[in-house]
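Asks: Pasting a structure below so you can have a look.
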Amino acid sequence: MSPPAPCLPPFAQTSCLVTAGNILAGAAAGEQKVWAREGSSAVLPCYLSPRKQGRIWKQPSDWTSVLWKRHGGSAHQEPHVVLEVEYTGLRKTALPMRPRVSVQDSALRSGNFSLRIDPVRSGDAGLYEAQVTYSTEVQSCQVELGIVTVTLSPPSPVVEGEPLLMSCNSSHRARLVETRWFHNGHPVPTAKNFYSLHRALSILQPSMSDSGSWHCQLRYSDNVVVSATHDLQILGFDGPTNPVVYAAAGSAADLPCTLSYLPSAFGINVVAAHWSHLAGGHLQDWVISQNQSSRSFPLHLPAVGPGDAGRYSCAVPVGSKTMRRDVTLAVVTVTPGIPGPISEGSHLLLICSVTHLQGHERFQWKLLSSDPTNKKGAMFTSHNLKDHRSQTGPNLDIPQVSQKDVGIWECSVYGPEGRLGAVEYGLQITGAQVSSPPTIFSGQVTFGLTVTLFFLLMVCVLALALQKRARLPASYPALEGIVAVAVPNKKDVEESQKETIQQTEC
């Protein structure tokens, strides 16, 4: 800060405007006035002029003391002591302002008798006077302290979605001409969610985007401009306003409920959040307990199905208020067009669906593994898959199911922010082998099947023969050993005898 212009020799006085704790050049020369925002710090300047300081401090025998008094709202009121520093170093402080007022010892040795007030209260406004005694001389400084306040209604914490009124006031007595508001350095338009009133600004539905630096500027009829800055913190939820969580049927799901700030930052000890969900006409509820050092209250669902989809509500009590955040659970499922087993060569349609579509979803099908039993199978992407092995859209159409289609199919759901979720479907063909065995092994299997069939055939023939024999009439065991003998008739005997005679004659 440059050396102040002299006003009451041998002391220098400056006219200052303090905005949110920062000293700014302000009022006209010849006056000494400081503006400070309630809750910030203020410095009431009082310096020994450089010329006088050089002459006095060269004389070690000189004694120096400083006495700060406050006249109240005007110079006509009876002053009272604020702070006194005797030449011996003894300090005396008024009880109402202890320990908020101070002067620095190192600054005193350099001729700086400024009074620091931290923090400033609205009742501190008024005229202050410093009497500095050194050697046989007494000089004084007069500084008027003005207070500017920024108040919130309802008071902190400001909850997201709750109407808010910010008021800006000062102790200046002139007529107010204009009030202007700035958010993060930009003028605030009077439209939609903001309404400018006399000394105030109304925010109908504060959101997380309204957090940050707010600056009010008051202009009075005597051309005095007073301003203050307030850092607005809005207690709400992290993430989008209406989050949607996508989860595959049968998988786990975690529904988020995270506060924007730690409750302890507002002096609030939030220990639990209440979750609720209306399913099938029955209200389900959960209580998630946390300590004050955590601001996250997620709801964990171990396995979800289409019946679990819908809207879930997270309610967090904050003092006398209750904050709410709705989370939608969307369950992703795959439904085959063929009920029951799937045979090779059949026409198959796989339908990927989402229970709660938002209108921006898109779908991508791809085959992850050619063998669903091989967990370490190769991964196939949409770049190296052919034909129908990678398709876009919610439906996967396979005209004729074959061995190459057997495996794990994945349906991914995408949105503007990227991949939202995915579900897997294992495709198997009834009666078909998933993996092809070696050629030699195939011949051995064929030979074994042939031998087995021949053996079964012989067994069947033998069984039929035994069954037929069992149906014959009962036999007599005593007659089974008799041999049947044929008896020749008379004609056959005579012809035999004639043949014997002829052989004899010869």
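Note that full-length UniProt numbering gives residue 418 to position 418 of the sequence shown, counting from 1, and the numbers run on in steps of one.
Beta carbons: idealized from backbone N, C-alpha and C, even for Gly.
Predicted model, so just to flag it, every value in this text is computed and none were measured.
Pull the bridge partners of Tyr425 from the DSSP assignment, please.
Replies: Position 425 of the sequence shown, counted from the start, is the residue given in the question as residue 425. According to DSSP, which records beta bridges pairwise, Tyr425 is partnered with Trp409.
Asks: From Leu283, Leu350, Ala265 and Gly319, pick the residue whose C-alpha is nearest to that of Arg295; which is it?
Replies: Within the sequence shown, numbered from 1, the residue matching residue 295 stands at position 295. That would be Ala265, whose Cα lies nearest to the Cα of Arg295.
Asks: By the DSSP assignment, the alpha helix (DSSP H) with Ser221 in it spans what residues?
Replies: Residue 221 sits at position 221 when you count from the first residue of the sequence shown. Counting along the chain, Ser221 falls outside any alpha helix (DSSP H), and DSSP gives it neither H nor E.
Asks: Does Phe182 come out as helix, strand or coil in the three-state DSSP assignment?
Replies: Here residue 182 refers to the residue found at position 182 of the sequence shown. Strand, per DSSP.
Asks: Which value, in whole angstroms, describes the spacing of the CA atoms of Trp68 and Ser260?
Replies: By 1-based counting over the sequence shown, the position of residue 68 is 68. By 1-based counting over the sequence shown, the position of residue 260 is 260. Each residue's Cα considered, the two are about 45 Å apart.
Asks: Would you list the one or two residues that DSSP bridges to Gln284?
Replies: Stepping through the sequence shown from its first residue, residue 284 is reached at position 284. Partner(s): His277.
Asks: Should Met458 go down as buried or exposed, given a rule of 16 or more other Cβ atoms within 10 Å for buried?
Replies: By 1-based counting over the sequence shown, the position of residue 458 is 458. Under the 10 Å beta carbon count, Met458 is surrounded by fewer than 16 other beta carbons and is classified as exposed.
Asks: How should Arg419 be labelled, buried or exposed, when 16 other C-beta atoms within 10 angstroms of its C-beta is the threshold for buried?
Replies: Counting from one through the sequence shown, the residue named residue 419 turns up at place 419. Per the 10 Å Cβ criterion, exposed.
Asks: Is the beta carbon of Ala309 closer than 8 Å to that of Thr258?
Replies: Walking along the sequence shown from the start, residue 258 turns up at place 258. Walking along the sequence shown from the start, residue 309 turns up at place 309. Between Thr258 and Ala309, the CB-CB gap reaches or exceeds 8 Å.
Asks: For Ile501, which residues in the same chain have their Cβ closer than 8 Å to its Cβ, ignoring the five residues on either side in sequence?
Replies: The sequence position of residue 501 within the sequence shown is 501, counting from 1. Any reading at Ile501 must be qualified, since the residue scores a pLDDT of 40, below 50, and its modelled position is unreliable; the value itself is stated next. None.
Asks: In angstroms with no decimal places, state the Cα-to-Cα distance between Arg199 and Ser170.
Replies: Against the sequence shown, residue 199 aligns to sequence position 199. Against the sequence shown, residue 170 aligns to sequence position 170. If I take the Cα positions, the gap works out to 10 Å.
Asks: Between the C-alpha atoms of Arg98 and Asn242, what's the straight-line distance to the nearest angstrom?
Replies: Within the sequence shown, numbered from 1, the residue matching residue 98 stands at position 98. Within the sequence shown, numbered from 1, the residue matching residue 242 stands at position 242. Between the C-alpha atoms of Arg98 and Asn242 there is a straight-line separation of about 50 Å.
Asks: Which partner residues of His80 appear in the DSSP bridge assignment?
Replies: Mapped onto the sequence shown, residue 80 falls at position 80. Looking at the DSSP assignment, His80 forms a beta bridge with Arg70.
Asks: Specify the secondary structure class of Lys192 as computed by DSSP and reduced to three states.
Replies: Here residue 192 is taken as the residue at index 192 of the sequence shown, counted from 1. Reduced to three states, the DSSP call for Lys192 is coil.
Asks: Assign Asp387 to one of three DSSP states: helix, strand, or coil.
Replies: Here residue 387 is taken as the residue at index 387 of the sequence shown, counted from 1. Because Asp387 sits at a pLDDT of 49, beneath the cut-off of 50, its placement in the model cannot be relied upon, and the following sentence gives the value as read from the coordinates. Asp387 falls in the helix class under three-state DSSP.
Asks: Quick check on the burial criterion: 16 or more other C-beta atoms within 10 angstroms. Buried or exposed for Leu464?
Replies: Start at 1 with the first residue of the sequence shown, and residue 464 comes out as number 464. With fewer than 16 other Cβ atoms within 10 Å, it is exposed.
Asks: Please determine, among Glu361, Leu232 and Tyr220, the residue with the shortest C-alpha to C-alpha distance to Arg175.
Replies: Sequence index remark: in the sequence shown, residue 175 carries index 175 (1-based). Among Glu361, Leu232 and Tyr220, the Cα nearest to that of Arg175 is on Tyr220.
Asks: Helix, strand or coil, according to DSSP, for Val150 in the structure here?
Replies: Locating residue 150 in the sequence shown gives position 150, counting from the first residue. Looking at Val150 - three-state DSSP - the assignment turns out to be strand.
Asks: Give the DSSP-derived three-state secondary structure of Val461 in the structure shown.
Replies: Here residue 461 is taken as the residue at index 461 of the sequence shown, counted from 1. In the structure shown, Val461 sits in a helix (DSSP, three-state: H, G or I).
Asks: Could you name the residues of the same chain whose beta carbon sits closer than 7 Å to that of Pro240, not counting the 5 residues immediately before and after it, in chain order?
Replies: Position 240 of the sequence shown, counted from the start, is the residue given in the question as residue 240. Nothing listed; no residue qualifies.
Asks: Report buried or exposed for Gln391, applying the criterion of at least 16 other Cβ atoms within 10 angstroms of its Cβ.
Replies: Here residue 391 refers to the residue found at position 391 when the sequence shown is read from its first residue. With 16 or more Cβ atoms within 10 Å of its Cβ, Gln391 is classed as buried.
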